[in-house]
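Below is one structure, written out as structure tokens, with a few remarks after it.
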Amino acid sequence: MNINFNFMSKYVFTLMFLFLVSYIFNIMLFLILPKMGVDYIVENRYRFAFRDYDYLSTFGFKNAQIQTKQVITTQKSYPFLSQLELNAIYSKSSGLGWIVLKEKSTKKSHVLALNDSFKGYQLKKIEKSFVIFVKDKIEYKLEINKDKLKYKVIKDDK
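Heads up, the sequence shown is in this note's numbering, so the first residue is 1286 and it goes up one at a time.
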């Protein structure tokens, strides 16, 4: 081998080795690090003193008082929700699934999937412990009775 080839091969092999090591390092990082990124929420933590100063009173102006309306909320009883009992929720992570409802008066059970209608109410959302029905653009929340929940974990060692 001549001197030029040895000189070039020394640098080429060194660069190839560095690329190989960096490639292996990147593969390890790719396997170790999580696939989803972190959502960064910007908070306005800084409260500057000039924002709290009342500039209008300095020049002789008076601040106009803003009158807020008082909203009086009353607890309404909904006959639809009081006649139903939510027995079971079978939910997937994407919000899909089905529920089992029991009418208290007739003791009949009904199985509803997402977006099914029941007595004019449409099932819009299925969560882990509650479901949401919609009628006339008003949402009604029906929760599962947590006192009656009984379950047993069976561990199968195979």
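C-beta atoms are modelled at their ideal positions from N, C-alpha and C, and glycine is treated no differently. Being a predicted model, the structure only gives us computed values, none of them experimental.
Query, Result
"CB-CB length for L1366 against L1316, believed under 8 Å", "That pair is no contact at about 49 Å."
"Contact set for L1381: own chain, Cβ-Cβ below 7 Å, skip 5 residues either direction", "L1399"
"F1344 (DSSP reduced to helix, strand or coil)", "coil"
"Which of helix, strand or coil DSSP assigns to L1366", "helix"
"Burial state of F1310 (16 or more Cβ within 10 Å)", "exposed"
"Reduced DSSP category for K1389 - H, G, I as helix; E, B as strand; rest coil", "coil"
"Buried or exposed by the 16-neighbour rule on C-beta atoms within 10 Å, applied to F1418", "buried"
"C-beta contact flag for L1397 and I1384 at 7 Å", "yes"
"Helix, strand or coil at S1414 [DSSP, three-state]", "coil"
"Supposed contact pair Y1406 and Y1425 - C-beta distance, whole angstroms, cut 8 Å", "7 Å"
"L1386 classed as buried or exposed, judged by whether at least 16 other C-beta atoms fall within 10 angstroms", "buried"
"CA nearest to the CA of A1349, picked from D1339, V1356, F1415 and I1357", "D1339"
"Rounded C-alpha distance that separates Y1296 from F1290", "10 Å"
"Counted within 10 angstroms of its Cβ, other Cβ atoms place L1305 as buried (16 or more) or exposed", "exposed"
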